[in-house]
Each structure stands twice: as structure tokens, then as C-alpha cells.
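Below: one structure, written as C-alpha cells.
Numbering (my numbering), first residue to last: 568 to 694.
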């Protein structure tokens with residue numbers, strides 16, 4: 568089985584440390600309540616995203632700043648678990664905050680590839 572972790576941790580390939588923020592909420596009728604927030608340090612390779620990778624969702628623009636993240640940390644674009652859900656992970660790197668819009672995890676290779684969009688200061692929580 569191929570292990571690409573050595574590449575993800577190689578500074579010559581652009582390996583950096585970044586912070587991942589994950590927030591969990593609970594739905595109860597018309598209210599949404601914060602359950603937990605976790606901040607984790609992760610390591611991986613971050614590069615500007617290729618135009619071919621960008622498929623903006625409604626309200627997003629292809630001209631926004633996107634990054635491609637390659638890491639062994641399991642990133643998420645948000646998940647629903649019935650009455651509770653996680654908001655999209657936020658990545659803090661290089662003085663900016665990015666929101667994960669797409670994540671592809673390959674647990675058999677201990678690898679995740681994600682696409683994230685720059686969060687503007689005026690943008691609030693995804694809830």
C-alpha cells in the first residue's frame with residue numbers, strides 16, 4: 568500500500584503547519600445551539616488551487632481565493648448527523664482563514680485532499 572505521508576511532511580514540497588477549527592451544532596426546532604468547538608494543529612502541503620479544481624457553490628465566485636490542501640488530517644466540508652451537524656472546517660494559515668468547500672478523504676492511504684475558500688472578515692459563522 569502506498570504511503571504518501573513522507574511527501575506531506577517534506578518541507579521541500581511545501582509542507583507547513585496550519586490550524587483546523589471544527590464546530591459542532593445541535594438543531595432543536597427553530598434553534599441552533601453550539602455544542603463544541605475544537606482547534607487542532609495539522610501538517611500538510613498547501614498550494615493555490617488550480618482553476619480546474621474550482622467548482623463554486625451558489626454565492627461563491629471562481630475569482631475568490633481558493634487553496635488546495637493535502638494532509639493526513641481528515642478535513643470536512645460539514646456533515647449532518649440528524650439533530651447535530653458540523654460546520655465546514657476552517658483552516659487558519661498564513662494569516663488568513665479559509666472555509667473547506669470540498670474534502671476527499673482516502674483513509675486507506677491516510678490522506679485527505681481539500682479545497683478551501685478565503686473567508687472575508689465580514690463573513691460570519693456558517694450557521
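Backbone N, C-alpha and C fix where the C-beta goes; we use that ideal spot for every residue, glycine too.
Option in the options with minimal Cα separation from residue i
i: residue 601; options: 590, 650, 609 and 682; result: 590
i: residue 636; options: 646, 598, 656 and 651; result: 656
i: residue 652; options: 679, 610, 643 and 658; result: 643
i: residue 639; options: 679, 574, 598 and 573; result: 679
i: residue 543; options: 660, 670, 672 and 580; result: For residue 543 there is no data in the structure shown, the boundaries of the chain being 568 and 694.
i: residue 686; options: 676, 579, 666 and 573; result: 666
i: residue 641; options: 677, 616 and 613; result: 677
i: residue 608; options: 649, 584 and 597; result: 584
i: residue 664; options: 674, 634, 671 and 599; result: 634
i: residue 649; options: 572, 582, 579 and 599; result: 599
i: residue 645; options: 572, 688 and 682; result: 682
i: residue 668; options: 617, 684 and 662; result: 684
Unbroken beta strand (DSSP E) run spanning residue i, endpoints
i: residue 575; result: Not the beta strand (DSSP E): residue 575 falls in the alpha helix (DSSP H), residues 572–575.
i: residue 665; result: 663–673
i: residue 632; result: Residue 632 -> no beta strand (DSSP E), and no H or E assigned at all.
i: residue 648; result: 646–648
i: residue 603; result: 598–615
i: residue 640; result: Segment: none, residue 640 is in no beta strand (DSSP E) and carries neither H nor E.
i: residue 681; result: 678–685
DSSP three-state assignment for residue i, whether helix, strand or coil
i: residue 580; result: helix
i: residue 588; result: strand
CB contact check: residue i to chain D, cutoff 8 Å
i: residue 571; result: The chain labelled as chain D is not found in the depicted structure, where only one protein chain is given.
heavy atom of the ligand ATP below 7 Å from residue i C-beta
i: residue 634; result: You won't find the ligand ATP in this model; it holds no ligand whatsoever.
contact_flag[the segment 655–675, the segment 582–589] where n(CB pairs < 8 Å) is 3 or more: yes
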